[in-house]
Amino acid sequence: MSEGWFAGVEPDDPEAGAAAIRDGRADAPADWPGLAVEAGFADDSREYYARLRAAAIEAARTAAAERERADDRQAIHAVRAMDDAERTANELAERVAEWSASRYGESGTDVEYCRELVRRADAGGVAAEGPDASATAPTADGTPPTADGALAGLAARVVELDAEADRLRAFVEHTAGAVAPNLAALAGPVLGARLLALAGSLESLAKKPSGTIQVLGAEEALFAHLRGAAPSPKHGVVYTHEYVRSTRPEERGSAARALAGKLAIAARIDYYAGDRRPALERELDERIARIQARGDGSGGGTGATDGPESNGNDEGDGDDSGDRPADGRPPGDG
Amino acid sequence: MTLPEGVAYREFDGAERLATRGTPAYGEPVVDGWRVWDAGRSKLGAMFDAGIDTGLSGSDGVLYLGAANGTTASHVADFARVVYAVEFAARPMDDLLDAAAARETLVPLLNDARQPDTYAHVVENGLDAVVQDVATRGQAQVALANRQFLADDGRLVAALKARSEDVTREPGAIFGDALAELREGYEVLDTRRLDPRHDDHLAVVARPR
Ligand SMILES: C[S@@+](CC[C@H](N)C(=O)[O-])C[C@H]1O[C@@H](n2cnc3c(N)ncnc32)[C@H](O)[C@@H]1O
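These protein sequence lines map, in sequence, to chains A and B. So the number in my numbering is just where the residue sits in the first sequence, counting from 1, plus 3. So the number in my numbering is just where the residue sits in the second sequence, counting from 1, plus 947.
Pasting the structure below:
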């Protein structure tokens, strides 16, 4: 016969009890309260239930936290797949553009242009030039497709791949928000997932000092840069955050540092505690507002996004030091 | 029909509503320590409201399958002797743990109700009731697999959700199949559709045979 969860467990050790609840099994239930009292695990059933409940709460808490943490792998795979899908769609879109420029003498380099080509093909090749729908249909007799058909087919793949990237984005947003709610709230779920991917896991992100988080993805940012989503490959992905991009170039290093500091705290809370701390967002908003208000009275132009790049993410910034918990602890206010 | 001891109709804002005594768990109104058991959010609450004889009584030992965030399980724990609350999703666990923290009778278990061997070393046999609301495919199988926890005169109180089995088939046909399957291990005592409060749900009360 199988044994109850309490077999071999010290009565006042809820952690051992929790492990026994999580890992144990039995072929059939039994009168566990009675057997536990008989075995001396508890004086009476009242005490038995109290011990059971304490161990079960601990077991459910740790098992749920572990399960949610394991979800960081899902967010990481998904954000990588999303980036791959987007990048591939853009590369193919350029190929389509080049090809169609040679045939129809028109230009357009992005997914939007592919969508336009597909629309025209669907409409039956309205324009004099342009791919025609009948040409996209697979040829029944096995003759090779026409150039128009091949081009329209490729454009259709680009559009589909782009839609797939959107679906992956939705999944990333959902998963990142569940795995790391504070990080996702501060960074935005997609940037949050990218940081998880660059660090390898929520655990390893939670253990990184904010200075490292600030430069995470410096090389990888090349792709984002090519897509126009990042200012420069020499900066980490935190530079893609709107708070950094909307800050004047001279102050961007400070904004990135302040942001990285709060993201480091958010990742630690997500990993070690798991509850939402809306106060973090308020603190970050205030920091950024202060940084953006610095220097000129206008509060930092939003038009600065397209301005020249700041060339130093390690420029001096005396009053930011409070946001840099190099030792892994939240700053005094945290 | 008699309500279990610890469940009663009380007056809230001039209306008689089902209620239990305990710490509020989901923002429900509380008057004099009694909290509203919202039948719109709880299929078991809707069963009581519909006058179904569930066979539940105060100080029962209960296995609750599909506890989610504990909305219904918390009410059951308010009147029962012990409630083993099984839920396999990690996300609602925070709320369920909060409900458990406020109730000595609530034992949360993060397990899959289709695998009773993973909690049979924790949940006792001879229970008075299995309450089931798992909204998953194979609901009859879940009930059969968990029959082993029930006393001979215990009760299965289940809310079967048609859409969880098959979204394309007629609910009536789905319920017919599910009941036929249930009868392999249970004697069905009563069934009732829970529309309109819970669309396409069938309440089932049964006892082991
Ligand atoms: C409709 S909800 C239950 C609502 C809850 N009974 C209440 O009234 O408060 C269904 C729940 O069953 C859970 N569930 C589905 N399949 C399950 C399974 N095989 N084992 C345990 N829980 C399951 C789902 O995760 C979900 O939380």
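Built from N, CA and C at the ideal position, the CB exists for glycine as well. Remember, it's a predicted structure, so these values are computed and weren't measured experimentally.
Asked: Assumed close pair V1033/B, A1067/B - CB separation to whole angstroms, cut-off 8 Å; Found: Not confirmed; about 11 Å, so no contact.
Asked: Cross-chain neighbours of A181/A in chain B, by beta carbon under 7 Å; Found: R1038
Asked: Within the stretch 1096 to 1142 of chain B, ranges of the alpha helix (DSSP H) (whole runs, at least 4 residues); Found: 1109 to 1112 and 1118 to 1129
Asked: Test item: CB-CB of V1077/B and L1057/B under 8 Å; Found: no
Asked: Rounded straight-line distance, which links the Cα of R197/A to that of A10/A; Found: 45 Å
Asked: Local conformation of G974/B per DSSP, three classes; Found: coil
Asked: CB contact check: A209/A to chain B, cutoff 8 Å; Found: no
Asked: A42/A versus R28/A - alpha carbon distance; Found: 19 Å
Asked: Test: I24/A CB closer than 8 Å to a CB of chain B; Found: yes
Asked: Residues that L1091/B contacts on chain A, provided the C-beta gap is smaller than 7 Å; Found: Under the 7 Å cutoff, chain A gives no residues; its nearest Cβ is about 14 Å from L1091/B.
Asked: Partners in chain B for D30/A, counting only beta-carbon separations shorter than 8 Å; Found: D1064 and A1067
Asked: Beta-carbon neighbours of A1047/B, restricted to chain A and to distances below 9 Å; Found: R56, A59, I60 and A63
Asked: Contact test: D1064/B Cβ vs ligand 1 heavy atom, cutoff 7 Å; Found: no
Asked: Among V1089/B, Y1133/B, D1100/B and D1064/B, nearest to G1073/B - alpha-carbon criterion; Found: D1100/B
Asked: G1008/B: first and last residue of the uninterrupted beta strand (DSSP E) it sits in; Found: G1008 to L1012
Asked: Span of the beta strand (DSSP E), counted from its first residue to its last, around A962/B; Found: A962 to R968
Asked: Exposed unless 16 or more other CB atoms sit within 10 angstroms - verdict on L965/B; Found: buried
Asked: Stretch pair the stretch 1132 to 1150 of chain B + the stretch 1077 to 1094 of chain B: three plus CB contacts closer than 8 Å; Found: yes
Asked: C-beta atoms of G1005/B and F1026/B nearer than 8 Å; Found: yes
Asked: Exposure label - P36/A; buried when at least 16 CB within 10 Å; Found: buried
Asked: V1033/B Cβ short of 7 Å to ligand 1 heavy atom set; Found: yes
Asked: Endpoints, the beta strand (DSSP E) within which A209/A is located; Found: That residue, A209/A, is in no beta strand (DSSP E); its alpha helix (DSSP H) goes L205 to A209.
Asked: G277/A beta carbon less than 8 Å from that of A68/A; Found: yes
Asked: Chain-ordered chain A contacts of N1072/B [CB-CB under 9 Å]; Found: A31, P32, A33, D34 and W35
Asked: Where G1008/B falls, given that 16 or more other Cβ within 10 Å makes a residue buried; Found: buried
Asked: Residues near S137/A by beta carbon distance below 6 Å, same chain, minus five either side; Found: Reliability fails at S137/A, whose pLDDT of 49 lies under 50, so the model's placement of it is uncertain and the value that follows must be treated cautiously. None.
Asked: Close-in-space but distant-in-sequence residues of the same chain around G180/A (CB under 6 Å, 5 per side omitted); Found: A187 and P192
Asked: Chain A contact for L1057/B (CB, 8 Å cutoff); Found: yes
Asked: Distance between D1064/B and H1022/B (C-alpha atoms, nearest Å); Found: 26 Å
Asked: Sequence-distant residues of the same chain with beta carbon closer than 6 Å to P17/A, five excluded per side; Found: A57, A58 and E61
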